[in-house]
Amino acid sequence: MGTICLGRTTSAAGFQPVYRNVSAKAENALMTDALENPTGADAVLFSLKANGVDYLFANAGSDFAPIIESYARRGEGGTVAPKPVIVPHEAALVAMAHGYYLVTGKPQAAMVHVNVGLANAVMGLINAHADDVPVIMLSGRTPLTEHDRPGARRTPIQYGQEQFDQSGMVRELVKWDYELRYAENAGNLVSRGYAIAMSEPVGSIYLSLPREPLCEPAPAMGEGATPLQVAANPAAPDPQAVEQAAAWLAAAKNPLIVCQRGDPAGKVAALLAALAERHGIAVSEVFATRNVMPSDHPMLVGPNLPELLPAADVVLVVDAPVAWIESAAQPAVTAKVIHIGPDPLFARMPVRSYRSSLAIAGNTARTLAALDAALDEHPSQGDTRREAAVAAHAAYRAKVAKAAEAGSRGPASKAWVAHCVSEILGDDGIVFNERGAPSPFYTLKAGNRFFGNTPAGGLGWALPAALGAQLADRERLVVCVVGDGSYMFANPVACHQVAEAHGLPLLTVILNNGAWDAVRLSTLEVYPDGSASRANQTPLSSLSPSPDYTMVAAASRAWTRTVEEAADLPAVLAEAVKVIADERRQALVNVRVRPE
């Protein structure tokens, strides 16, 4: 027996959905009708599913009528449409798709309400664009016509919401954009957009969907249909360029690898870890958005690039959008600098002035594998280099441990929180981090255990992104570590509602210092001896009085605690993990932290 939503009725309690139970035979007939007599909306949903999209993260409006009707015809659990997930804020919706991709490698669909919803979604797309994360971004578009056609305008807002170029809002942030004009093109356009999104360098696409073509008849579809187009095969690197890079690295006395992100499958992490150890090359992981190296890898020497870069005679930059800050650290003038990745020059960035002696375009994993093999053919000083890196690794990890211990009394430090969170992660747990301690302060068992906010830094990303990751794997421990300002930006009421609605047992840890500390610190970087440095309170940075964040989460039945003393944090986190394991519900820990 299935359930079909017929519409809404008015009662004393307000508008309530009207459902009718239908037999399996009737439900199958509805599904068959959607396949044999589809609309443009049916074609969009069918093509998304055919291309491997599991979920449609949606924030609906009047433009969704054909999409909603399509789901009502077939039921929300059908095999020929992505499962819909209602997310009550557009920025959170895009971030959920972002987080889902990070742990699965599968891009998801995000659909919002015409231009107003798209405006709220833009920040999420900025974050995805900055780290080359593919999102299948869809939105309605106010109806094109005023009468006669199905889907034509019926409300005042459909006049006010029209723009000459709605796609222009996101064009700089996507690889491809288009507006659906005819229902017969709907499925093919979705397939083309998906293929472009997943061709390297991967990235988001945008398709706007006016209501009329979504309402119109589309060609009949077969349940076993395959996508119209598929993503291009990942490119192989040029063998001569790989040979040159191998020769430079083998001859180097003090080579250095700089990395900051891996791939969802973990291939880059495995290949880079093996290459570095086999050939004795130190690795510095900086500004990590998806960690590559396990914390205990003997070649991992820490993020201190102002010291490491000038000493290196060859630098290998592995698909790192922001390899270092030019004003703070640069390679030696005599050093060879090699960049590898699908787009090693990052053409989407207007200004990125890193020196490049050799830029090798190609799939990152394939390039690392080729480089590892080429290095085998060259004699090197690998043993000597390895000894130096092992010593540097030990000194770096000792410094991390000392920093954590120093913050373990009184209000906690970010480093202490990172240490305590690391203790509960186990072998498979993952952390989404925004304005918490950087990745070097965590103890990470493997690559893809730490996900940090992207170089764009659009705040409010981590909490909904962590929800997306939790949706992808409900049994895995997912921890979101956020500053109190970032938590506010995350639309927490919406996020906790989604967590409860879908049974996502996420652990959120708030670092509460009552301020936007990033604003204060950036001001001091520009004016180290300025008036702000002497002020009792930096202007435009206070979040006082601090709300009781536990009550926000408790409104959605989360387990909550507040920690005032650093020494109490390990026990509280252990209790939170037990609640998650036993009760399968979300938990939130509000931690008082000291200013950095």
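Going by full-length UniProt numbering, the first residue of the sequence shown is number 1, and it counts up by one from there.
We treat Cβ as the ideally placed atom computed from N, Cα and C, and that holds for glycine.
Three-state secondary structure assigned by DSSP to N491: coil
Starting from the C-beta of S439, find all residues in its chain whose C-beta is less than 6 Å away, skip the five residues before and the five after it, and write them out in chain order. A288, N291 and F450
Beta strand (DSSP E) runs wholly inside the UniProt domain "Thiamine pyrophosphate enzyme central" (242-371), at least 3 long, in chain order: 255-261, 282-290, 314-318, 336-341 and 358-361
Give a yes or no on whether the C-beta atoms belonging to R154 and E146 are separated by under 7 Å. no
The alpha helix (DSSP H) that contains P464, what's its start and end? A462 to A472
Determine the contact status of G105 and P264, defining contact as a CB-CB distance below 7 Å. yes
Just how far apart, CA to CA, sit L249 and K445? 27 Å
Any idea if Q163 is buried or exposed, counting beta-carbon neighbours within 10 angstroms, 16 or more meaning buried? exposed
Among all the DSSP beta bridges, which residues are the ones paired with D177? Y206
May I ask you to list the residues that DSSP assigns as paired with Y55? K83
Compare the Cα-Cα distances from G362 to each of V202, D582 and A335 and report the closest residue. V202
Can you check DSSP and say which residues form a bridge with S139? V112 and S208
If I measure Cβ to Cβ from A328 and keep anything under 7 Å in the same chain, skipping five residues before and after, which residues do I get? P306
What did DSSP end up calling S199 once you bin it into helix, strand or coil? coil
Using only CA atoms, which one of N254, V174, G447 and L521 lies nearest to D427? G447
By how many angstroms is the C-alpha of T454 removed from the C-alpha of M111? 22 Å
With which residues is S191 paired in a DSSP beta bridge? For S191, which the question treats as bridged, DSSP gives no partner whatsoever.
Applying the 10 Å Cβ sphere with the 16-neighbour rule, what's the burial state of K402? exposed
Buried or exposed by the 16-neighbour rule on C-beta atoms within 10 Å, applied to A241: buried
A587 - containing beta strand (DSSP E), residue span: A587 to R592
Cutoff 6 Å; reference A282; Cβ partners in own chain excluding five residues on either side: L256, M299, V301 and A389
Nearest to N304 (by Cα), restricted to the options R397, I360 and I340: R397
Measure the alpha-carbon distance for L463 versus L180 and round it to whole angstroms. 32 Å
Three or more C-beta pairs below 8 Å linking the stretch 582-590 and the stretch 498-514: yes
For N120, three-class secondary structure by DSSP: helix
Determine whether the beta carbon atoms of K253 and D313 lie at a separation below 7 Å. yes
Which of helix, strand or coil DSSP assigns to P217: strand
Hey, could you find the ends of the alpha helix (DSSP H) T523 is sitting in? D517 to V526
Should the stretch 479-496 be regarded as contacting the stretch 547-554, the criterion being three or more beta carbon pairs within less than 8 Å? yes
Which stretch, first to last residue, makes up the beta strand (DSSP E) that contains L507? L507 to N512
Reduced DSSP secondary structure (H/G/I, E/B, other) of E434: strand
Segment limits, beta strand (DSSP E) that includes V563: W559 to V563
Would G187 and A43 be called neighbours here (beta carbons separated by less than 7 Å)? yes
Provide the residue span of the beta strand (DSSP E) that contains V482, from first to last. V478 to G483
Three Cβ pairs or more, each shorter than 8 Å: is that satisfied between the stretch 195-211 and the stretch 365-378? no
Cutting at 6 Å between CB atoms, please list the residues of its own chain near V577, excluding the five before and the five after it. I424
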